[in-house]
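These protein sequences, in sequence, are chains A and B.
All letters in the first sequence, in the order written, are residues 1 to 88 by our numbering.
All letters in the second sequence, in the order written, are residues 89 to 976 by our numbering.
The beta carbon of each residue, even a glycine, is placed where N, CA and C say it ideally should be.
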Amino acid sequence: MSKIVNMNCTDCKYYLPVDVFKGMCKLSKQDILPDDAFCDKAERIAKCKFCGKYTAGKEFLGKCMATTLAYPDMIAAKCADFEWSSQN
Amino acid sequence: MESSSESINYYGNKPAQQVEDREKKLKPTERANTARELYFGAKSSASMEFPYWYTRRWDELDGEIPIIRRAESLKAGFEHLTPVIYPGELLAMGKASFLRGSYPMPWLSEAFFMAAEDRLYQEALESGKLTADTFTTVGKGGGNVTKSIGKVISIAGKFGLRVEEMPVMLEVAKRWKDRSVDDVGHKYEQMVPGYKEKEAIMRSVICMFDSGYTLPQGREVMNYYYPLQYGIDGVIHICEEGMNEVAGYPEMDRLYFYKAVITMLQGLKAWIRNYAEEARFLANLEKEEKQKAEYSDLAERLDHISASPPRDFHDALQMIWTFHVAVLNEDAISGLSPGRVGQVLYPYWKRDMDRGILNREKTIELLECMRIKFTEIDCFASMGVVGGVLSGNTFNNLCIGGLKKDGTSAANELEMLILETGISCETPQPTLSLLYDEKLPEEFLLKGIECTKAGAGYPAWVSNTVAMEFLLNNYGHEGMQMEEARAWAIGGCLETSPGSWMPLNLDGEIHWIPGGSAPATSVGVHFLSLPKILETVIFDGMDMRTGERIFPAHGLKLESYDELWQAFQNYFSRAVHVLTLTNNIQHDAWRKISPSLVNSMLKPDCLEKGRDLGQMGARFNTTFNVESCGNTTLVNALASLKKNVYDEKNFDLATYRKAILDNFGYHTAQETGSWSLIDQKPNEQYSEYQRIHRMSLDAPKFGNDDPYVDSLFKQWEDWFCEMTHNYRSLYDQPMYACQISVSTHAPMGAVTLASPDGRLSGTTFSDGSVSAYPGTDRHGPYALFSSATCWNHSQSQNSQLNMKIHPSVVRGREGSRKFLELIRAYMRKGGFHVQFNIVDSRMLKQAQADPDKFRSLLVRVAGFTQYWVELGKQIQDEVIARTEYEEL
Ligand code: SF4
Numbered sequence: 001m002s003k004i005v006n007m008n009c010t011d012c013k014y015y016l017p018v019d020v021f022k023g024m025c026k027l028s029k030q031d032i033l034p035d036d037a038f039c040d041k042a043e044r045i046a047k048c049k050f051c052g053k054y055t056a057g058k059e060f061l062g063k064c065m066a067t068t069l070a071y072p073d074m075i076a077a078k079c080a081d082f083e084w085s086s087q088n
Numbered sequence: 089m090e091s092s093s094e095s096i097n098y099y100g101n102k103p104a105q106q107v108e109d110r111e112k113k114l115k116p117t118e119r120a121n122t123a124r125e126l127y128f129g130a131k132s133s134a135s136m137e138f139p140y141w142y143t144r145r146w147d148e149l150d151g152e153i154p155i156i157r158r159a160e161s162l163k164a165g166f167e168h169l170t171p172v173i174y175p176g177e178l179l180a181m182g183k184a185s186f187l188r189g190s191y192p193m194p195w196l197s198e199a200f201f202m203a204a205e206d207r208l209y210q211e212a213l214e215s216g217k218l219t220a221d222t223f224t225t226v227g228k229g230g231g232n233v234t235k236s237i238g239k240v241i242s243i244a245g246k247f248g249l250r251v252e253e254m255p256v257m258l259e260v261a262k263r264w265k266d267r268s269v270d271d272v273g274h275k276y277e278q279m280v281p282g283y284k285e286k287e288a289i290m291r292s293v294i295c296m297f298d299s300g301y302t303l304p305q306g307r308e309v310m311n312y313y314y315p316l317q318y319g320i321d322g323v324i325h326i327c328e329e330g331m332n333e334v335a336g337y338p339e340m341d342r343l344y345f346y347k348a349v350i351t352m353l354q355g356l357k358a359w360i361r362n363y364a365e366e367a368r369f370l371a372n373l374e375k376e377e378k379q380k381a382e383y384s385d386l387a388e389r390l391d392h393i394s395a396s397p398p399r400d401f402h403d404a405l406q407m408i409w410t411f412h413v414a415v416l417n418e419d420a421i422s423g424l425s426p427g428r429v430g431q432v433l434y435p436y437w438k439r440d441m442d443r444g445i446l447n448r449e450k451t452i453e454l455l456e457c458m459r460i461k462f463t464e465i466d467c468f469a470s471m472g473v474v475g476g477v478l479s480g481n482t483f484n485n486l487c488i489g490g491l492k493k494d495g496t497s498a499a500n501e502l503e504m505l506i507l508e509t510g511i512s513c514e515t516p517q518p519t520l521s522l523l524y525d526e527k528l529p530e531e532f533l534l535k536g537i538e539c540t541k542a543g544a545g546y547p548a549w550v551s552n553t554v555a556m557e558f559l560l561n562n563y564g565h566e567g568m569q570m571e572e573a574r575a576w577a578i579g580g581c582l583e584t585s586p587g588s589w590m591p592l593n594l595d596g597e598i599h600w601i602p603g604g605s606a607p608a609t610s611v612g613v614h615f616l617s618l619p620k621i622l623e624t625v626i627f628d629g630m631d632m633r634t635g636e637r638i639f640p641a642h643g644l645k646l647e648s649y650d651e652l653w654q655a656f657q658n659y660f661s662r663a664v665h666v667l668t669l670t671n672n673i674q675h676d677a678w679r680k681i682s683p684s685l686v687n688s689m690l691k692p693d694c695l696e697k698g699r700d701l702g703q704m705g706a707r708f709n710t711t712f713n714v715e716s717c718g719n720t721t722l723v724n725a726l727a728s729l730k731k732n733v734y735d736e737k738n739f740d741l742a743t744y745r746k747a748i749l750d751n752f753g754y755h756t757a758q759e760t761g762s763w764s765l766i767d768q769k770p771n772e773q774y775s776e777y778q779r780i781h782r783m784s785l786d787a788p789k790f791g792n793d794d795p796y797v798d799s800l801f802k803q804w805e806d807w808f809c810e811m812t813h814n815y816r817s818l819y820d821q822p823m824y825a826c827q828i829s830v831s832t833h834a835p836m837g838a839v840t841l842a843s844p845d846g847r848l849s850g851t852t853f854s855d856g857s858v859s860a861y862p863g864t865d866r867h868g869p870y871a872l873f874s875s876a877t878c879w880n881h882s883q884s885q886n887s888q889l890n891m892k893i894h895p896s897v898v899r900g901r902e903g904s905r906k907f908l909e910l911i912r913a914y915m916r917k918g919g920f921h922v923q924f925n926i927v928d929s930r931m932l933k934q935a936q937a938d939p940d941k942f943r944s945l946l947v948r949v950a951g952f953t954q955y956w957v958e959l960g961k962q963i964q965d966e967v968i969a970r971t972e973y974e975e976l
């Protein structure tokens with residue numbers, strides 16, 4: 001199980017987004033809100049903010065590999081360079 | 089002012105009967121119903137994944153050959169999209185990772201979604217690019233995110249974006265400054281002599297929008313042949329062979345085209361396989377056996393079509409849906425019509441039915457799933473485009489009927505089921521158009537009637553004969569002959585688009601399937617407000633709403649009707665001239681910066697020629713047009729001036745000018761908050777203008793078989809259709825007339841002062857192109873048909889007639905026959921298109937007052953069906969006001 005402090009449902013790999021306001025849990029099929037807190041079954045999905053190559057910048061912006069524009073909440077499941085950060 | 093009962097049939101419809109519901113009620117399958125309920129609860133949502141990766145890759149490849157750079161960027165976008173699959177889906181895949189997902193495409197245009205105070209936004213406003221946004225109302229209900237709430241930001245009054253993605257959206261958008269199609273086109277369009285006049289035209293909303301960077305593709309018919317016949321790997325193989333043939337030889341662009349298509353297809357393969365992987369992930373999580381099996385089946389199907397041709401009907405349906413979405417993801421597109429899908433898929437369907445691996449029930453379930461998927465499509469665009477033109481719709485038109493290659497009826501059993509599911513699963517997409525031909529069987533036509541009566545506004549009825557005549561006239565010089573003309577379909581809401589017959593080989597048997605064979609058939613001068621141009625004629629070139637000069641003063645006294653008409657022709661021609669040139673430049677910027685790759689791969693003969701659509705790779709390339717708006721309002725205004733000023737000399741033009749400026753003594757539509765004439769309120773000046781207003785309203789009105797006004801209509805049509813041929817498109821082909829209003833008659837009406845026909849300031853124009861102005865057609869449908877066909881419709885890409893019929897009139901079997909005879913009569917008179925709202929206007933009034941109770945109510949607007957709650961109030965008012973026929 002990944003670390004779950006300050007995580008919300010959009011950080012979870014079981015979150016199925018319906019729209020910008022709401023989603024569904026892939027496990028329970030229940031309606032959930034993106035900002036709901038992690039439950040005990042939650043697991044992090046790969047996002048830039050969890051990547052070892054990401055450095056945070058000003059709010060909601062950062063850098064990938066110190067050079068390229070990136071943003072923390074981008075899902076990186078399909079990024080070939082993603083690696084889990086040891087920081088979080 | 090007169091009592092409302094006196095104003096019936098003057099100002100529009102005020103129905104008095106009890107509310108009566110539509111006749112036919114069929115229920116969707118449980119699966120489709122669940123999916124539709126999920127859709128009803130979902131909001132339009134934007135995300136940044138695709139534009140982020142597209143831009144990142146673009147920036148990495150500075151200096152690369154443009155078409156390769158474009159292909160790599162598309163590939164990066166596709167392969168990084170997060171797949172989302174909803175429970176119960178038999179067809180998967182979508183534009184972005186939300187149910188109604190879409191995303192900005194800043195490589196086309198970046199200014200409109202910047203903050204209002206941003207310099208980019210202000211510059212766009214100044215050049216007239218965003219004026220139409222200001223006068224557009226967007227539907228307040230349904231899936232539109234009209235206001236920013238909590239962590240969601242509203243863009244263009246429709247799309248929600250999570251606050252976490254806002255900074256990156258702005259950052260990415262700014263990177264496209266001076267590089268987007270919009271900016272590059274703008275840089276060069278300023279070199280057109282008279283460019284300043286173009287800006288003034290845009291600011292006055294005489295022209296609605298530039299097509300080159302807003303909706304550069306669409307209004308065309310898809311062609312699914314190549315992936316169906318060869319599969320993706322097969323197409324890659326064709327491109328590899330093409331590369332081998334052309335590498336190092338002259339016309340080297342072919343090499344880059346083939347390479348670019350391969351790169352793009354690799355991106356699509358990855359995208360499809362990512363969905364397959366997600367389906368497998370869901371199957372592993374799933375406890376319920378049936379759903380688990382469906383996820384596994386979906387995963388296997390997606391894996392298969394990521395490489396190979398479809399094996400069965402279900403594969404083929406998934407394949408065409410996948411490619412439909414893929415095209416939508418390469419450009420901002422409205423009006424990408426799937427075309428004659430029931431004929432394209434028939435060989436697969438028939439084979440499966442004969443083999444016993446498919447039945448009627450399963451077909452219906454799949455077709456309903458298809459309806460839901462098409463309905464999920466959103467197009468991210470500015471408020472003026474998405475609200476003022478599209479009304480939130482995306483115009484994916486599915487055609488049924490018409491003729492086969494050999495000239496016999498093309499209607500088939502699968503199309504009967506497509507009609508059936510149009511009734512059982514009412515959704516705006518895909519809308520249906522029935523290509524009416526005398527050879528179509530009665531049973532099929534009556535099924536079409538049954539569907540039209542159900543009230544969702546489809547199928548629209550369009551004449552196969554008129555369309556083919558137009559096509560042969562327009563594309564004859566490019567080699568089109570009768571047999572190929574039969575392969576046509578409607579692209580977008582009502583654009584007649586050329587097609588070709590493709591030889592689908594299934595088990596050694598050749599099936600000739602129809603598919604589109606031209607790029608976008610409606611780009612160019614979009615749309616021209618005819619009543620507003622007349623206003624500038626009356627005021628010597630000025631826009632009196634803003635006080636800005638639009639055209640050079642004509643300095644004429646306008647002492648005769650002929651002089652007035654010539655002045656109108658002169659201003660109209662000036663507008664077409666400058667807009668054609670600036671538009672050609674914008675489209676040139678588009679084809680250089682953002683060439684089509686997915687759609688180019690699909691359209692014959694791009695693969696054969698090794699050229700993309702922008703390089704005239706398609707078989708037919710006479711595809712630019714001039715679109716009009718407010719035809720009937722214009723002609724009614726001309727008739728009033730002719731009668732009151734020139735023939736009977738009841739008033740002079742100076743008196744008209746004053747009455748127009750004072751809005752005939754009424755408050756403006758903005759002040760009353762309603763956009764239809766019937767609801768306008770007089771002010772204290774009313775008595776001063778009562779006589780002129782009354783006589784303007786009493787002047788002959790189009791739609792009553794009255795030669796006085798119909799002859800002016802014919803004069804306008806004959807001149808307009810002919811004059812467009814004098815202008816040349818980017819592809820050096822003559823342009824042609826296109827006559828559909830879509831939703832533009834609302835914002836264009838909103839900026840136009842009162843008109844000499846008695847219409848008041850700010851109110852909506854007449855809809856369609858041959859519809860009567862609401863409430864003015866007082867001699868029944870057959871008189872309307874006579875007026876509408878006073879000119880030859882095959883001179884134009886289309887004509888559009890919208891009618892509203894009370895449900896009681898067409899009730900029962902006898903009502904159906906009467907209804908079919910009515911449509912037949914119009915088609916036999918030479919009408920091109922007619923569509924119906926079978927609805928009680930009182931229900932629409934109720935829905936306006938209590939939208940939550942009417943979430944699923946559909947109405948026909950002008951070439952498209954839309955949820956009532958997602959229409960702006962301007963259009964809602966106009967649809968309510970339309971004449972409601974209570975007898976035929
Ligand atoms: S490597 Fe991929 S996941 Fe990591 S920061 Fe860069 S883009 Fe994000």
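Going by the DSSP bridge assignment, what does residue i pair with across the sheet?
i      : result
Y524/B : S551/B
L425/B : Note that residue 425/B is Ser in the sequence shown, not Leu. Its beta-bridge partners are V309/B.
H921/B : V550/B
I90/A  : The shown model of chain A, from 1 to 88, leaves out residue 90/A, and the question about it has no answer.
Y861/B : DSSP lists no partner for Y861/B.
R816/B : P822/B
M24/A  : L16/A, D31/A
R637/B : M630/B
Does DSSP put residue i in a helix, in a strand, or in coil?
i      : result
Y777/B : helix
Y997/B : Nothing can be reported for residue 997/B, as the shown portion of chain B is limited to 89 through 976.
L616/B : strand
Y383/B : helix
F483/B : coil
V949/B : coil
N738/B : coil
H325/B : helix
G189/B : strand
F907/B : helix
P103/B : In this prediction, P103/B scores a pLDDT of 47, lower than 50, which makes its location untrustworthy; the coordinate-derived value is nonetheless stated afterwards. Coil.
Below 6 Å CB to CB, which residues in the same chain sit around residue i once its five sequence neighbours on both sides are set aside?
i      : result
F752/B : Y777, H781, A842
N555/B : Reading the sequence as shown, one finds Ala at residue 555/B and not Asn. Counting only Cβ-Cβ distances below 6 Å, and skipping sequence neighbours, we find W576, T584.
H867/B : N792
M1/A   : Per-residue confidence for M1/A stands at a pLDDT of 37, beneath the threshold of 50, marking its modelled position as unreliable; the derived number appears in the next sentence. Hits under 6 Å: none found.
Please list, in chain order, all residues of the same chain as residue i whose beta carbon is under 7 Å from its beta carbon, the five residues on each side excluded.
i      : result
E94/B  : In this prediction, E94/B has a pLDDT of 38, which is less than 50 and means its spatial position is unreliable; what the coordinates show is noted afterwards. Excluding residues within five positions, none has a Cβ falling inside 7 Å.
K347/B : I156, M331
P17/A  : G23
E160/B : R145, L149, T351
Grab me the residues of residue i's own chain with a C-beta within less than 8 Å of its C-beta, minus the 5 sequence neighbours each way, in chain order.
i      : result
S236/B : S242
P770/B : M89, G753, Y754, H755
Open item on the list: Could you tell me which whole alpha helix (DSSP H) segments of length 4 or greater appear in the stretch 251-299 of chain B?
Closed with: 254-263, 269-277, 283-291
TODO: Quick one: which unbroken beta strand (DSSP E) runs of 3-plus residues sit fully inside the stretch 681-720 of chain B? Chain order, please.
DONE: 712-717
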